[in-house]
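Visitor:
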Amino acid sequence: MNVQGLKSKPHPVMVTAYGREDVLKNASGVGIAYSLTKPVNSSLLFDSAIRVLGGETDYAERHSAILNISSEDLASIRGARVLLVEDNELNQQVALELLAQAGFETELAENGEIGVEKVKQLHFDAVLMDMQMPVMDGETATREIRKDDRFNDLPILAMTANAMEGDREKCIEAGMNDHIAKPIDPDDLFGKLLKWIPARTEEQLAEVVTEPETTPSVQTASTEVETDTSSDVLASIEGLDTKAGLRNVANNREFYERLLRQFITGSESKTVETVREQIETDRAGAERTAHSLKGVAGTIGATELQGYAQALESAIHDESDIEVHLTVVDEALTRLIGELQSVFPEEAVEEEEVVESTITSEAAGELVVELEGQHAVWEKLSETLSMNDIEDFANQIKNLGDQYDYAPLTL
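Numbering-wise, the sequence shown is residues 443 to 853 according to the numbering used here.
#1: Where does Arg-592 land, buried or exposed, given buried means 16+ other C-beta within 10 angstroms?
#2: To the nearest whole angstrom, what separates the beta carbons of Gly-633 and Asp-683, a pair I think is in contact under 8 angstroms?
#3: Alpha carbons only, please: which of Asn-533, Gly-521 and Asp-620 is nearest the one belonging to Gln-543?
#4: In chain order, which beta strand (DSSP E) runs of at least 3 residues are fully inside the stretch 536-576?
#5: According to DSSP, is Ile-511 part of a helix, a strand, or is it coil?
#6: Is DSSP giving Thr-741 helix, strand or coil here?
#7: Which residues does DSSP list as the beta-bridge partners of Met-601?
#8: Would you say Asn-553 and Met-575 are within 8 angstroms of each other, going by their C-beta atoms?
#9: Skipping 5 residues on each side, what residues in its chain have a beta carbon closer than 6 angstroms to that of Asp-567?
#10: Identify the continuous alpha helix (DSSP H) that holds Leu-596 and give its terminal residues.
#11: Rounded to whole angstroms, what is the Cα-Cα separation between Glu-770 and Ala-692?
#12: In this structure, does DSSP put Leu-782 in helix, strand or coil?
#13: Comparing C-alpha positions only, which one of Val-457, Ser-784, Asn-510 and Ser-734 sits nearest to Pro-625?
#14: To the nearest angstrom, how far is it from the Cα of Asp-763 to the Cα of Met-571?
#15: For Val-527, write down the residues that DSSP places opposite it in a beta bridge.
#16: If you run the structure through DSSP and keep just helix, strand and coil, what is Val-691?
#17: Leaving out five residues on either side along the sequence, give the residues of the same chain with a beta carbon under 8 angstroms from the beta carbon of Ser-711.
#18: Are the beta-carbon atoms of Val-558 and Ala-583 separated by less than 8 angstroms?
#19: Buried or exposed for His-565, going by 16 or more other Cβ atoms inside 10 Å?
#20: Out of Glu-514, Glu-528, Val-569 and Gln-534, which has the shortest C-alpha to C-alpha gap to Asp-579?
#21: Pull up the distance between the alpha-carbon of Glu-680 and that of Thr-602, whole angstroms please.
#22: How would you call Asn-530, buried or exposed, if buried means at least 16 neighbouring beta carbons within 10 angstroms?
#23: Could you round the C-beta distance between Ala-600 and Ile-622 to whole angstroms and report it? I think they count as a contact, below 8 angstroms.
#24: Hey, Asn-533 and Val-738 are a contact pair by Cβ (cut 8 angstroms); roughly how many whole angstroms apart?
#25: In terms of residue numbering, what span does the alpha helix (DSSP H) encompassing Ile-587 cover?
#26: When we look at the beta-carbon of Ser-784 and count the other beta-carbons within 10 Å, is it buried (16 or more) or exposed?
#27: Do you know offhand how far Leu-782's Cα is from Leu-702's?
#28: Can you give the beta carbon distance from Val-569 to Leu-525, rounded, assuming they're within the 8 angstroms contact cut?
#29: Please report how far the alpha carbon of Arg-700 lies from the alpha carbon of Leu-688, in whole angstroms.
#30: With distances taken from CA atoms, which of Leu-676, Ala-686 and Asp-609 is nearest Gln-748?
So, in structure tokens, the structure goes:
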């Protein structure tokens, strides 16, 4: 195309199922403006087209460090109880952290079956429901909840890394009220909660205990994010969009770096081995594993790996070129973990664990001393209580105290 003498040159975009670094570099060298890794969804295709044409899309807005919804905006629903139904540990931490920062009370269910039971047992103002989970998926769990008329008006919001229109329709058909795409955009999450949770009464708001000294608020601007040496190094890691990753955790840098440390040794680091074990006997499980990596990679801002994981998920579903995509994911995952380990060396992690263990041991020793001392006080107090007007109540307390086994604490 470069030698055709065209008055208006097109902007070539390469679509590839591989996305390896050498392929992308070769594409750039021959004038290809942008590269997309299969599978491609409509939103990604639209954003890419606008970007190469020099326009602006909501892509920039989604990756901006500035949040549009502040703590003040959420004041009317602060203290609302939210049930999170999610099986992935890292995704659990992100969602619970965001909700806690914003002043919500939270409860966790590790799969749909547990989620259904908790909805029946406890009161919630909203449910955040992951779609792909073992034991019972989000769609089935929602249908079970909706069978009970008591929960007809309970807002259930789907959370999934699949953002196609068909996926949204499937959520609605199952009885869900709305859809939140993964990785979670804090603005989207808080906006949907504001939309579906009724404003709380003055009495309810008065019951909310606020601790501004210890509870972090939702950070609303990039200027509130402190920079340090590790952040500069992280920003230089190829395939890691730290700006997007930070935004996904409401610009909480300490929490973001903790997630990256966890990613190094977490279950996602073993995705390739896990998929290879599952592929013959549990294809659905293998697809869930790839899906989980896609979501987690998106959350931490590992956009390149996210694309490769998405391609692997589709390959498993279609039973096509699975080993090829496993190799690509393995290369990208190994490279990313290696670079993260250079920023967060294992020695530093071990040192933190030793310090924490030492502190815990010291605290346990102090606790034993206190308990031994208080046990003597308890014996004296129990004798006094038995002589007052509330003897029955005192006897109950005394029995509980006598039954407590202090011995294991002195080992």
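Ideal Cβ positions, reconstructed from N, Cα and C, are used throughout, including at glycine. This structure is a prediction, so every number in the text was calculated from the model and none was measured.
Guide: Judging by the given coordinates:
#1: On the sequence shown, residue 592 is found 150 positions in, with the first residue counted as 1. The residue in question, Arg-592, is exposed, as its Cβ has fewer than 16 Cβ neighbours within 10 Å.
#2: Residue 633 sits at position 191 when you count from the first residue of the sequence shown. Residue 683 sits at position 241 when you count from the first residue of the sequence shown. Actually they are not in contact, since the Cβ atoms of Gly-633 and Asp-683 sit about 22 angstroms apart, beyond 8 angstroms.
#3: Position 101 of the sequence shown, counted from the first residue, corresponds to residue 543. Gln-543 has its Cα closest to that of Gly-521, out of Asn-533, Gly-521 and Asp-620.
#4: 547-551 and 568-572
#5: Residue mapping note: residue 511 aligns to position 69 of the sequence shown, counting from 1. Coil at Ile-511, not helix or strand.
#6: On the sequence shown, position 299 is the one that residue 741 refers to. Correct three-state label for Thr-741: helix.
#7: Against the sequence shown, residue 601 aligns to sequence position 159. DSSP, once it has assigned bridges, lists Asp-572 and Ile-622 as partnering Met-601.
#8: Residue numbering aside, residue 553 sits at position 111 when the sequence shown is read from its first letter. Residue numbering aside, residue 575 sits at position 133 when the sequence shown is read from its first letter. It is a contact, given that the beta carbons lie within the stated cut-off.
#9: In the sequence shown, counting from the first residue as 1, residue 567 sits at position 125. Ala-522, Arg-523 and Ile-639, listed in sequence order.
#10: What you label residue 596 is simply residue 154 of the sequence shown in a count that begins at 1. From DSSP, Leu-596 is part of no alpha helix (DSSP H); its letter is neither H nor E.
#11: Working through the sequence shown from its first residue, we reach residue 770 at position 328. Working through the sequence shown from its first residue, we reach residue 692 at position 250. The identity of residue 770 in the sequence shown is Val, whereas the question assumes Glu. Going by the C-alpha atoms only, they are around 31 angstroms apart.
#12: The residue you call residue 782 lines up with position 340 of the sequence shown. Looking at Leu-782 - three-state DSSP - the assignment turns out to be helix.
#13: Along the sequence shown, one-based indexing puts residue 625 at 183. It is Ser-734 whose Cα lies nearest to the Cα of Pro-625.
#14: Sequence index remark: in the sequence shown, residue 763 carries index 321 (1-based). Sequence index remark: in the sequence shown, residue 571 carries index 129 (1-based). Roughly 31 angstroms separates the two Cα atoms.
#15: The residue given as residue 527 occupies position 85 in the sequence shown. DSSP lists Ala-551 and Met-571 as partners of Val-527.
#16: For the purposes of this step, residue 691 is identified with residue 249 of the sequence shown, where counting begins at 1. Of the three classes helix, strand and coil, the one that applies to Val-691 here is coil, per DSSP.
#17: Locating residue 711 in the sequence shown gives position 269, where the first residue counts as 1. Phe-705, Leu-775 and Ile-779.
#18: Counting from 1 along the sequence shown, the entry for residue 558 is found at position 116. Counting from 1 along the sequence shown, the entry for residue 583 is found at position 141. Contact flag set, yes.
#19: If you number the sequence shown from 1, residue 565 lands on position 123. By the neighbour-count rule (16 or more Cβ atoms within 10 Å), His-565 is not buried but exposed.
#20: The sequence position of residue 579 within the sequence shown is 137, counting from 1. The residue with the shortest Cα to Cα distance from Asp-579 is Glu-528.
#21: Working through the sequence shown from its first residue, we reach residue 680 at position 238. Working through the sequence shown from its first residue, we reach residue 602 at position 160. Those two C-alpha atoms are separated by around 26 angstroms.
#22: Walking along the sequence shown from the start, residue 530 turns up at place 88. Result: buried.
#23: Here residue 600 corresponds to residue number 158 of the sequence shown, with the count starting at 1. Here residue 622 corresponds to residue number 180 of the sequence shown, with the count starting at 1. Ala-600 to Ile-622, Cβ: 7 angstroms. Contact.
#24: Taking the sequence shown and counting its residues from 1, one reaches residue 533 at position 91. Taking the sequence shown and counting its residues from 1, one reaches residue 738 at position 296. Contact flag correct, Cβ pair sits at about 7 angstroms.
#25: Working through the sequence shown from its first residue, we reach residue 587 at position 145. That run of the alpha helix (DSSP H) goes 580-588.
#26: Indexing the sequence shown from 1 puts residue 784 at position 342. With fewer than 16 other Cβ atoms within 10 Å, it is exposed.
#27: Translated into the one-based positions of the sequence shown, residue 782 becomes position 340. Translated into the one-based positions of the sequence shown, residue 702 becomes position 260. Taking the straight line joining both Cα atoms gives about 7 angstroms.
#28: Here residue 569 corresponds to residue number 127 of the sequence shown, with the count starting at 1. Here residue 525 corresponds to residue number 83 of the sequence shown, with the count starting at 1. Confirmed, Cβ separation roughly 5 angstroms.
#29: For the purposes of this step, residue 700 is taken as the residue at position 258 of the sequence shown. For the purposes of this step, residue 688 is taken as the residue at position 246 of the sequence shown. Between Arg-700 and Leu-688, the C-alpha separation is close to 12 angstroms.
#30: Taking the first residue of the sequence shown as position 1, residue 748 is located at position 306. Closest by alpha carbon: Ala-686.
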